[in-house]
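Residue numbers (the working numbering): 26 to 109. Glycine included, C-beta positions come from ideal geometry on N, C-alpha and C. None of the values given here were measured: they were computed from a predicted structure. See below for the structure under consideration.
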């Protein structure tokens, strides 16, 4: 099992695609627990928002972004969130 004490991501931003459920959700929560600001990206905006709420309840920082990764324009917009 991953122990976030072994790896800190403070000051980093992570974009996790497919983060509304399953493995993507768990990766987003793990990265946030390790200190990263996480962009929770998913085609399902409601699912992304629920994951953001969960991360924030754990004390992490996260932002939801509805994104269809098959759209180049949408992925560029998602990338801008990390740079802000």
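Using a Cβ distance threshold of 7 Å, residue 76 and residue 44 count as a contacting pair. Collapsing the DSSP output to three states places residue 42 in a strand. Selection 83, 98, 96, 91 evaluated against residue 41 yields 91 as nearest (Cα-Cα).
Taking a cut-off of 8 Å for Cβ pairs, the region 93-105 and the region 70-85 do not touch, as fewer than three such pairs fall below it. Per DSSP, the unbroken beta strand (DSSP E) holding residue 87 starts and ends at 86-91.
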